[in-house]
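Student:
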Amino acid sequence: METAITSPVAHRQAAPLFSRLRTAAGQADPFPIYRQLRAMGEVVAAPWGGHVVTSYDLCDRVLRNRQDFLEPDSGWRARQGEATRWTAASSREIGRTLPALNGEKHTRARRSAGGMFDRSTLETLLGPVSSITERLLDKLAERLAGGEADLHAVVSEELPVATIGHWFRLPPADFALLRDLTHKMAFPQELLPSASQLAEADEAVMMLQVYFRELVADRRRQPGDDPVSHWLATWDRIEPSREAADENAYDLALIVLLGALETTAALLSQLVLRLLEHPDQWDWLTHHPEDVPGAVEEALRYDPAIHVATRVARADTEIAGVAVRADDLVHLMVAAANRDPGRYDDPDTFTLHRQMPAHLSFGSGIHYCLGAPLARFEAQTLLRGLLQRFPRLTLARRPQWHPRVVFRRPRNLHVALF
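In my numbering, the protein residues as written are 134 to 551.
1) Which ranges does the alpha helix (DSSP H) cover as unbroken runs of at least 4 residues, wholly within the stretch 154 to 219, from first to last along the chain?
2) What whole-angstrom Cβ distance do Ala438 and Phe320 have, given they're in contact under 8 Å?
3) Tell me whether Asn381 is buried or exposed, calling it buried when 16 or more other Cβ atoms sit within 10 Å of its Cβ.
4) Do Arg268 and the ligand ATP come close, with the Cβ less than 8 Å from some heavy atom?
5) Look at Val349 and Glu226 and say whether their C-beta atoms are less than 9 Å apart.
6) If you drop the 5 nearest sequence neighbours on each side, which residues of the same chain put their C-beta closer than 8 Å to that of Leu331?
7) Within 10 angstroms of its Cβ, does Ile138 collect 16 or more other Cβ (buried), or is it exposed?
8) Give the secondary structure of Ala137 by DSSP, where H, G and I count as helix, E and B as strand, and everything else as coil.
9) Can you name, in chain order, every residue of its own chain whose Cβ lies under 7 Å from the Cβ of Glu347, other than the five neighbours on each side?
10) Report the rounded CA-to-CA distance for Ala428 versus Leu485, giving the unit in angstroms.
11) Around the Cβ of His285, are there at least 16 other Cβ atoms within 10 angstroms (buried) or fewer (exposed)?
12) Check whether the stretch 366 to 381 and the stretch 248 to 266 touch, using three or more Cβ-Cβ pairs below 8 Å as the test.
13) How do the stretch 488 to 495 and the stretch 231 to 243 stand: do at least 3 beta-carbon pairs fall below 8 Å, yes or no?
14) Since Phe164 and Arg472 should fall inside the 8 Å C-beta cutoff, what is the C-beta to C-beta distance between them, to a whole number of angstroms?
15) By how many angstroms is the C-alpha of Thr187 removed from the C-alpha of Arg199?
16) Could you tell me the alpha carbon to alpha carbon distance between Met173 and Val185, rounded to whole angstroms?
17) Rank Pro426, Gln533, Ala508, Ala432 by C-alpha distance to the C-alpha of Arg517 and give the top, closest one.
18) By Cβ distance below 8 Å, which residues in the same chain neighbour Pro532 in space, the five residues on each side in sequence not counted?
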């Protein structure tokens, strides 16, 4: 059950803040709300039960503590009962994948993935990602010739799916469908998804199951030089059951798609947005492209694609003196932690010259995001291309945002040339 030993006063204080966060207006600038939450204390009672953690040190500590805090895995989800969101078909499917595994299951799955985006893999993707980026920037240039363009739709939404599609050897005709299904699969991971959102996600997961199980079956029949074929070969060495090996390869393929598309698209647009909000820093980068990696890290700190990570307590424990019962939810507000004044000087200022750029945007500990190197690679490639081809790029108007809390996502990013 989602229960906790909390103060009723804290519930009343936090509830309106989370209500505002779950609106498009609140998502336009959620950071003042995070400051209000932090002012209540490092650990705050969540209105729906469980706890909210806002400080950098505590979030990092919980993320690294695999003895006391676990991912909400399939076993935990099953214990919540049939009438809860945790047992929706889409939620159960997510509970089977690598980011939601604990203990030996996580260790085996992580090992099977190998150096998923190691230096060798990124080197093989360098040419394709550069070519895809140039093609998308050509489209952006065509739109900008007409006055303004939606960079989020033209570039940010397209680069991640085209990159993964190339790596997986998927037909480009499938990209639009996969992108749409991925967006719907974010709903079960939100704080309080609605019944209609879960229904959309359940429908999406059924289609993704068919798609990726057919992909695995195809690579089983005709293995090639692609990651799904390599994962099948790896699992054949680990797992004596061919059916189980196929299922594990399917799980990896599914989570790579879900992780790489949803979060990277948001990262790309938020990176460009934050720089265009600071024209002096955009101009600096046009003359100092060597600072592009630092700009990506500062954008990740300042406004990450994932704002909340969730863990559950393995047994009765405490966080900073606050009692946490076994199976309680602990929501780590990583976007708030990334602006913790106890960690950063002037945390609400976006600056390319920050001396401590480390952040929690890709998590921490054993569940650190496997796709982080690829996301950084795509972001740096895109930013260099934009700076070179469109040094006079400017923000045409403020973007609109989806009313989501965990997976931050802009609806658009209209840009122009001045």
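Note that beta-carbon positions come from the ideal geometry of N, C-alpha and C, so glycine has one too.
Tutor: Answer, in terms of the structure:
1) 157 to 161, 164 to 172, 189 to 197, 207 to 212
2) For a cut-off of 8 Å, the C-beta gap from Ala438 to Phe320 is around 16 Å, too long to register as a contact.
3) Buried, since its Cβ has 16 or more Cβ neighbours within 10 Å.
4) Although the ligand ATP was asked about, the structure shown includes no ligands whatsoever.
5) no
6) Arg218, Ala221, Ser223, Ser224, Phe320, Pro321
7) At Ile138, the pLDDT of 45 sits below 50, so the modelled position is not reliable; the number obtained from the coordinates is stated separately. Counting Cβ neighbours within 10 Å, Ile138 comes out exposed, since fewer than 16 surround it.
8) With a pLDDT of 41 at Ala137, under the threshold of 50, the modelled position of that residue is not reliable, and the figure given next carries that caveat. It is coil, neither helix nor strand.
9) Take Glu347, set aside five residues on each side of it, and no residue of its chain has a beta-carbon closer than 7 Å to its own.
10) 5 Å
11) buried
12) With the cut-off at 8 Å, the stretch 366 to 381 and the stretch 248 to 266 do not touch.
13) no
14) 6 Å
15) 19 Å
16) 11 Å
17) Pro426
18) His285, Ser402, Leu406, Pro543, Arg544, Asn545, Leu546, His547
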